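In the numbering used here, the protein residues as written are 442 to 631. All C-beta atoms, glycine included, are put in the ideal place defined by N, C-alpha and C. Computed from a predicted model, the values in this text were never measured in an experiment.
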């Protein structure tokens, strides 16, 4: 895939449900999306796999819209077709600015991944908010590998700069057993 590239034909379908009060700065509601794709190589490569993904999010105001508990559960599952393979660049990955934020980017990869995030968000003054978070997740090739023994966790916090309807910029510090990361980003964490 790196030396000469790989071409995939990947038709997909999705179902989406969105009941958040604001997409860029939600304080209540739920969001869910489920995506299924069939992936086949175009040319001489022998890549063929089915990918299933879900992303569910919930936002609960704690007495006031200025204090919100936000939770997210995501999954990414790949199944080979027959004797075909999954290209490495389409494997499930954890460790980025949205999953396992205390680990370096793309730290974990495998055929499948499950991850969860929980955030406590607090608006200090209009336009400036703080948050504390914890993330857990695991990549695995077989369902039997999905155990607490291989579960990874991170925690941290940060500051967000917001408009009424959107998070404009954020600075987070994420901590894991391996490292501490400083993360800059635009838009909401999820």
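- A residue is called buried once 16 or more other Cβ atoms fall within 10 Å of its Cβ, and residue 564 is buried on that count.
- Taken through DSSP and simplified to helix, strand or coil, residue 545 comes out as coil.
- Here the C-alpha atom of residue 535 lies approximately 7 Å from the C-alpha atom of residue 578.
- Of the residues assessed, residue 533 falls on the buried side of the cut-off, its CB having 16 or more other CB atoms within 10 angstroms.
- Within the region 460-521, the runs of beta strand (DSSP E) that reach at least 3 residues and sit entirely inside it are, in chain order, 470-482, 489-502 and 508-521.
- Between the alpha carbons of residue 628 and residue 505 lies a gap of roughly 22 Å.
- Assignment of residue 620 by DSSP, reduced to helix, strand and coil, places it in the coil class.
- Beta bridge pairing from DSSP links residue 612 with 600 and 625.
- Between the beta-carbon of residue 472 and that of residue 498 there is about 4 Å, and that keeps the pair under the 8 Å contact cut.
- In this structure, residue 518 sits near residue 553, with a CB-CB distance shorter than 8 Å.
- For the pair residue 500 and residue 470, the CB atoms are nearer than the 8 Å cut-off.
- Counting every other CB atom within 10 Å of its CB across the protein chains shown gives residue 597 a total of 16 or more, marking it as buried.
- For residue 468, the closest C-alpha among the options 621, 622 and 608 is that of 608.
- Per DSSP, reduced to three states, the secondary structure at residue 531 is helical.
- When the beta-carbon positions are compared, residue 620 and residue 545 come within less than 8 Å of each other.
- Less than 8 Å divides the Cβ of residue 569 from the Cβ of residue 600.
- Of 493, 590, 490 and 514, the smallest CA-CA separation from residue 539 is found for 514.
- Here residue 592 has 577 and 579 as same chain residues with Cβ atoms under 7 Å from its own Cβ, once five neighbours each way along the sequence are excluded.
- Residues 509 and 510 of the same chain have their beta carbon placed closer than 7 Å to that of residue 503, with the five preceding and five following residues left out of the count.
- Relative to residue 516, the option among 455, 555, 451 and 625 whose CA is nearest is 555.
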